[in-house]
Amino acid sequence: MASPRRRLSPDQRRTELLDIGARLFSQHAYEDVRIEEVAELAGVSRGLMYHYFPTKRDFMAAVVQRESDRLLVVTEPDPALSVHDRIAAGLDAYLEYIESHAQGVLAVNRGAASADASIRGIVDAELDVQQRRIVDALAPSDGDRELVELAVRGWIAFVRSVCVDWLDRPGVTTVQMRELCLAALAGLLGDRLG
């Protein structure tokens, strides 16, 4: 059902469209989200929707960018925690996000959107930030830094992969996923994890 049209500033309208897009992409596959539906839910014309986002890919990329920014906020490490607890807290926030945005996660990692270069660039930039956060928390010596960076990047790839597969396995609990991911990191880093 269409929302009644209301006057919003351009920034407010863009935010509203992104909110609707985030909701739809988290509930439906990329291919099943129609720009017309987004416009209808926002109470705007299709033409106005295309004014903000010239293509569906542009719209998806804008949603992914905003969600990536939000994910970086919720996974921001608390420097007051131990290294292990910082990583565990970030992982908990990530797992919660994965669960609540399942279709969007699948679209970015498996669906048609996963091949889009702009979306891949957004995801890679977010992963770079996550890697830097973890490596900085571990504070490896200069001679050890490259090895730790490789291990952390491999762990992040592992976490992303198993989390996407986890969405197809409702019998595996969040606690089990958390423990699996932390055990994998401990196996890679040993005593460095603290």
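Going by this note's numbering, the sequence shown opens with residue 156, and the numbers climb by one from there.
The beta-carbon is built from N, C-alpha and C at its ideal position, and this holds for glycine as well.
Status (buried if at least 16 other CB within 10 Å, exposed otherwise) for Gln167: Per the 10 Å Cβ criterion, exposed.
Segment contact, 8 Å Cβ cut-off, at least three pairs: the segment 192 to 208 with the segment 291 to 308: Because the criterion of three Cβ pairs below 8 Å is not met, the segment 192 to 208 and the segment 291 to 308 do not touch.
Beta-carbon contacts of Ser269 that lie in its chain and below 8 Å, excluding the five residues immediately before and after: Within the same chain, Cβ atoms closer than 8 Å to the Cβ of Ser269 are found at Ala262, Val263 and Arg275, the five residues on either side in sequence being excluded.
For Leu282, the first and last residue of its enclosing alpha helix (DSSP H): Here the alpha helix (DSSP H) through Leu282 covers Ala272 to Leu293.
Candidates Cys318, Val219 and Leu173: closest to Asp279 by CA position: Nearest option by C-alpha distance: Val219.
Start-to-end residues for the alpha helix (DSSP H) that takes in Gly309: Element bounds for Gly309: Arg300 to Trp321.
Near the ligand NAD: Lys211 beta-carbon under 7 Å from a heavy atom: Ligands in the displayed structure: none, and consequently the ligand NAD is not present.
Same chain, Cβ closer than 7 Å to Gln258, neighbours up to 5 away in sequence not counted: Hits under 7 Å: Phe180, Ser181, Gln182, His183 and Ala184.
Under the three-state DSSP convention, the category His239 falls into: In the three-state reduction of the DSSP assignment, His239 falls in the helix class.
Nearest to Glu231 (by Cα), restricted to the options Ile289, Ile253 and Arg221: Taking Glu231 as reference, the option from Ile289, Ile253 and Arg221 with the minimal CA-CA separation is Ile289.
Cβ neighbour criterion (16 or more within 10 Å) applied to Ala235: Here Ala235 is exposed. Its C-beta has fewer than 16 other C-beta atoms within 10 Å.
Length-filtered (4 minimum) alpha helix (DSSP H) runs lying within the segment 161 to 246: Fully enclosed alpha helix (DSSP H) runs of 4 or longer: 165 to 182, 190 to 197, 201 to 207 and 211 to 229.
Supposed contact pair Ala338 and Phe313 - C-beta distance, whole angstroms, cut 8 Å: Contact doesn't hold; Cβ gap of about 11 Å is too wide.
Euclidean distance between Cα positions of Leu322 and Leu305: Taking the straight line from one Cα to the other gives about 26 Å.
Neighbourhood of Ala292 by C-beta, 8 Å cutoff - its chain only, sequence neighbours within 5 removed: Excluding sequence neighbours, Ala292 sits near Pro232, Val238, Arg241 and Ile242.
CA-to-CA distance, Val319 to Val348, given in whole angstroms: Going by the sequence as given, residue 348 is Leu instead of Val. Spanning the two alpha carbons is a distance of roughly 25 Å.
Close-in-space but distant-in-sequence residues of the same chain around Val284 (CB under 8 Å, 5 per side omitted): Taking Val284 as the centre and dropping the five residues before and after it, the same chain places the C-beta of Leu227 closer than 8 Å to its C-beta, in chain order.
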